[in-house]
Ligand code: SF4
Ligand code: SF4
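Residue numbers (my numbering): 857 to 1296.
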């Protein structure tokens, strides 16, 4: 049997769904249920659907290996019921191989953020993860589609050095693309024929949970999408505010209406998070009331900011800022207490994705073609720092020739970092917080 933990560690795999947690650590937790997260939660994204449409066999084979590794008896592929064409493909793929028949298709409603691990585990198993806890504490492990696809590649001796992205918006050729890690967003735009509006703004990883980026930004192991949007898009403008602006706006305009709390998906599921109280405390520096460790129950889904708040304020950003501040003071999530009762109004307050798409100004930008097209790069700049742990230590020097898939840096000794590999063959011409390589 393949040693999945060592293989994923050597190939530097991290969760491709966004958080970027090292895969080898996640694979070390035993769990009775493995959930393949195919919710494709962030509005506008289609890359997991494309992977399932083209490469379901690899994803399902990988799920079987992972299930064996963690001792899972139940394997669930959770996907939205609305994807009827893809569901047919999956049913056919499952019916062809006897071993795939152990995999159950679980149909999800089209609400946001159903792909959040806490909401997903509750939907599939009926169990709720403890506050400040993780899914294995209630016997579940959740893996994103692309992570499973990458595990399959790693097991088959193909170090995952490409990333699959949704490219959407004011761009000549939107679609789903497989690109080398470290390619710049500007290079992607140029290869796709350029933009179709003046002075657009670029956003990586979606409008709900993503961030503004520039053309010089590069594709990392966790990058899921590149949106090219008009400057005047309100959601993009809101996500560009800095900490000072967020505080000033909160002080002057938060009317404590508590809509952000009443629509917060984690609050509705019984978790101790009330963004209206977080706003009050942070904007007025009342940092002891309420206990601010409640921000660790926020999954940064963005409902409060991009959908609920009538004053265009940013409770999500405030939660994220506070999490960082608390962590820098050595304060983490409080111990695993059970959530409170599920809110009586939860069913009526869940947000349909269609309404969200319209609110975000994304209605005109849907992707129907799920074929994955490949892009190449003449230059890449590969980050040494992952989402967790310390920066990896370079094992190459300026002037070295490298091959695609060759190791460039080994993880620091903190146990959370991961190895870094080259995504193209070429020459290293600079090393800073990235390893810069030119093809040839
Ligand atoms: S919804 Fe907006 S205005 Fe209302 S309490 Fe929350 S942050 Fe304040
Ligand atoms: S981002 Fe806002 S709505 Fe989402 S979990 Fe955090 S506080 Fe709740």
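Glycine included, C-beta positions come from ideal geometry on N, C-alpha and C.
None of the values given here were measured: they were computed from a predicted structure.
What first and last residue would you give for the alpha helix (DSSP H) that runs through residue i?
| i | result |
| --- | --- |
| residue 1174 | 1171-1184 |
| residue 1106 | 1099-1109 |
| residue 961 | Where residue 961 is concerned, there is no enclosing alpha helix (DSSP H), although the beta strand (DSSP E) it sits in stretches over 959-964. |
| residue 1131 | 1131-1139 |
| residue 1121 | 1121-1124 |
| residue 1092 | 1090-1095 |
| residue 925 | 903-926 |
| residue 861 | 860-866 |
| residue 1042 | 1041-1047 |
| residue 1210 | 1209-1216 |
| residue 1154 | Residue 1154 -> no alpha helix (DSSP H), and no H or E assigned at all. |
| residue 1115 | 1115-1118 |
| residue 1269 | Run containing residue 1269: none; DSSP gives neither H nor E here. |
| residue 1204 | 1202-1205 |
For residue i, which three-state DSSP category applies?
| i | result |
| --- | --- |
| residue 1005 | helix |
| residue 970 | coil |
| residue 1036 | strand |
| residue 1259 | coil |
| residue 885 | coil |
| residue 939 | coil |
| residue 931 | strand |
| residue 1012 | coil |
| residue 986 | coil |
| residue 1235 | strand |
| residue 1055 | coil |
| residue 1275 | coil |
| residue 1166 | coil |
| residue 1068 | strand |
| residue 892 | strand |
| residue 1249 | strand |
If I'm right that residue i touches residue j with Cβ under 8 Å, what's the distance once you round it to whole angstroms?
| i | j | result |
| --- | --- | --- |
| residue 1226 | residue 905 | 6 Å |
| residue 991 | residue 973 | 6 Å |
| residue 1134 | residue 1175 | 6 Å |
| residue 1172 | residue 1161 | 4 Å |
| residue 1132 | residue 1116 | 5 Å |
| residue 925 | residue 860 | 5 Å |
| residue 1195 | residue 1126 | 4 Å |
| residue 1231 | residue 1005 | No, residue 1231 and residue 1005 are not in contact; Cβ-Cβ is about 18 Å, not under 8 Å. |
| residue 912 | residue 889 | At roughly 20 Å, the Cβ-Cβ gap does not stay under 8 Å, so residue 912 and residue 889 are not in contact. |
| residue 1313 | residue 1233 | The question about residue 1313 has no answer here: the residues shown for the chain are numbered 857 through 1296. |
| residue 931 | residue 960 | 7 Å |
Starting from the Cα of residue i, find the closest Cα among the options and give me that residue.
| i | options | result |
| --- | --- | --- |
| residue 938 | 1267, 1250, 1209 | 1209 |
| residue 865 | 874, 882, 873 | 882 |
| residue 1262 | 1280, 1255, 1274, 1102 | 1280 |
| residue 965 | 927, 1248, 1217, 1203 | 1203 |
| residue 1164 | 1114, 1201, 1034 | 1114 |
| residue 1274 | 978, 858, 880 | 880 |
| residue 846 | 1213, 1111, 1040, 920 | Residue coverage of the chain in this structure runs from 857 to 1296, which leaves residue 846 outside it and unanswerable. |
| residue 1237 | 1081, 1040, 902 | 1040 |
| residue 1292 | 1215, 1130, 1256 | 1256 |
| residue 874 | 1119, 1020, 1091 | 1020 |
| residue 909 | 1228, 1278, 959, 1245 | 1228 |
| residue 893 | 996, 1035, 1258, 986 | 996 |
| residue 1063 | 954, 968, 1141, 1252 | 968 |
| residue 1078 | 1071, 1066, 1070, 1085 | 1066 |
| residue 914 | 940, 927, 956 | 956 |
Taking the continuous beta strand (DSSP E) assigned at residue i, which residues delimit it?
| i | result |
| --- | --- |
| residue 1019 | 1018-1025 |
| residue 1229 | 1228-1230 |
| residue 1290 | 1290-1295 |
| residue 1085 | 1081-1085 |
| residue 1029 | Where residue 1029 is concerned, there is no enclosing beta strand (DSSP E), given that its DSSP letter is neither H nor E. |
| residue 996 | 996-1000 |
| residue 1282 | 1282-1287 |
For residue i, count the other beta carbons within 10 Å of its own beta carbon; 16 or more makes it buried, fewer makes it exposed. Which is it?
| i | result |
| --- | --- |
| residue 1104 | exposed |
| residue 1285 | exposed |
| residue 1026 | buried |
| residue 1221 | buried |
| residue 919 | buried |
| residue 1249 | exposed |
| residue 1014 | exposed |
| residue 1254 | exposed |
| residue 1122 | buried |
| residue 1201 | exposed |
| residue 1087 | exposed |
| residue 903 | buried |
| residue 1198 | exposed |
| residue 984 | buried |
| residue 1109 | exposed |
Tell me, please, whether the CB atom of residue i is closer than 8 Å to any CB atom in chain B?
| i | result |
| --- | --- |
| residue 1289 | Looking for chain B here will not work: only one protein chain is present. |
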